[in-house]
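> Questions regarding the structure given below will be posed in turn.
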């Protein structure tokens, strides 16, 4: 599962969450993620599913489950390995 989610991150998330000036909080940037995390995981999942601002619905991962999205959010917000 870890390798699969790492591949999902690279194809669906990295283009925005790994590039400064994209408007997306950068992976591992605790300061940028703090206000988003403060809203709670359910709010982050809803934003991920529906899209928000420049982020398209499902964050370009049409085959992601809620568990996948949660793991990706946790990875990006803490820079831990996706599980």
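Numbering (this note's numbering), first residue to last: 492 to 574. Backbone N, C-alpha and C define an ideal beta-carbon position, used for all residues, glycine too.
(1) Output needed for residue 538: all residues of its chain with C-beta closer than 6 Å, excluding positions within five of it in sequence on either side, in chain order.
(2) Given this structure, state the Cα-to-Cα distance separating residue 513 from residue 493, to the nearest angstrom.
(3) Please check the pair residue 544 and residue 503, which I expect to be a contact at CB under 8 Å, by giving their CB distance rounded to whole angstroms.
(4) Who are residue 546's beta bridge partners in DSSP?
(5) Go through its chain and collect everything with a Cβ distance to residue 516's Cβ below 8 Å, but skip five positions before and after it.
(6) According to DSSP, is residue 527 helix, strand or coil?
(7) Mapping DSSP to helix, strand and coil, what is residue 494?
(8) State the CB to CB distance for the pair residue 560 and residue 500, rounded to an integer number of angstroms; the pair is presumed to be in contact (CB under 8 Å).
Inspection of the coordinates gives the following:
(1) none
(2) 26 Å
(3) That pair is no contact at about 16 Å.
(4) 543
(5) 508, 523, 524, 527, 567, 568
(6) helix
(7) Look at residue 494 here: in three-state DSSP terms it is helix.
(8) In fact, because the Cβ distance is near 11 Å, the residues do not count as touching under 8 Å.
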